[in-house]
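Q:
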Amino acid sequence: MASLSEYKKKRKFDKTPEPGPTKKKTKTGRMFVIQKHRATQLHYDFRLEADGVLKSWAVPKGPSLDPTVKRLAMEVEDHPVDYAKFEGVIPEGEYGGGTVMVWDYGTYAPEKDEDVSAALKKLKFTLNGEKLKGSWVLVRTRGRQWLLLKHRDYYTTEEEVTELAPVSILTRRSLAEIAEDEGGDIKKAATGDPKKIPRRTGVKRRKKGSKAKVWHSNRSVA
Ligand code: MN
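Numbering (the working numbering), first residue to last: 1 to 222.
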């Protein structure tokens, strides 16, 4: 099931700084990462480690912590595990050309004892990231089209986590700052007034009756 041949076919590794198509396994074998990616359109690439690769979905609006909100998640090609560390710029004109940020990072656990890369219809899992925690589900609707949604639990909030915590979990940079540092298109990567970008990198669990709180952290990818 897991294969990096499509990943390899789409990229020229002498032109892009993205990692090569090598399979490997992290210590836990259950890493998850979300990359905020300003290509033609802004989207969030949601990736779960399984069988030596990162199973991947492109989520145009990003994840929502509101259990009544379903977010479209288009299944895309498996990515190498090393991709989780990739934050930088894919040259314009190359596949996925634009700026990439490591938006959230952590581990996950399937909620049932199931084969993650063989899941055809539904995949329930618990995330243990900095921004995203708790119970989630991916449900396939047709073809490569899935829906990502949050189950109601202690980590539910109606606030938009993508707006509350917009910057990199690794470097606290905004997309425009990553583009600036790595020689990308700053204007294309800009998502609003840089002075108004919150630098928080997490959303704390909610106490009953209170609003979501945020915290700062500096965490490096293993
Ligand atoms: Mn992408």
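Glycine included, C-beta positions come from ideal geometry on N, C-alpha and C.
Computed from a predicted structure; not experimentally measured.
Output the boundary residues of the alpha helix (DSSP H) element that contains Tyr7.
A: Element bounds for Tyr7: Ser5 to Lys10.
Q: Note down the Cα distance separating Lys121 from Asp104, rounded to an integer number of angstroms.
A: Cα-Cα distance, rounded: 25 Å.
Q: Quick one: measure Cβ to Cβ for Leu54 and Pro80, integer angstroms, because I've assumed they're closer than 8 Å.
A: Contact holds; Cβ gap of about 7 Å.
Q: Give me the pocket residues for the ligand MN, defined as CB within less than 5 Å of any heavy atom, sorted by chain position.
A: That gives His37 and Asp45.
Q: Any idea if Lys230 is buried or exposed, counting beta-carbon neighbours within 10 angstroms, 16 or more meaning buried?
A: Residue 230 cannot be examined here, being either before or after the span of the chain that is shown, 1 to 222.
Q: Have a look at Ala73 and Asp82 and give me their C-alpha separation to the nearest angstrom.
A: Each residue's alpha carbon lies about 22 Å from the other.
Q: Opposite Val53 in the DSSP bridges: which residues?
A: Beta-bridge pairing links Val53 to Ala50 and Pro80.
Q: Specify the secondary structure class of Leu132 as computed by DSSP and reduced to three states.
A: Reduced to three states, the DSSP call for Leu132 is coil.
Q: Pop quiz: Leu147 and Thr156 are said to be a contact at Cβ under 8 Å. What is the actual Cβ separation, rounded to whole angstroms?
A: The Cβ separation is near 17 Å, so there is no contact.
Q: Using only alpha-carbon positions, find the residue among Ser135, Asp51 and Val100 that is nearest to Thr22.
A: That would be Asp51, whose Cα lies nearest to the Cα of Thr22.
Q: Helix, strand or coil for Leu120, going by three-state DSSP, please let me know.
A: In this structure, Leu120 counts as coil in the three-state DSSP scheme.
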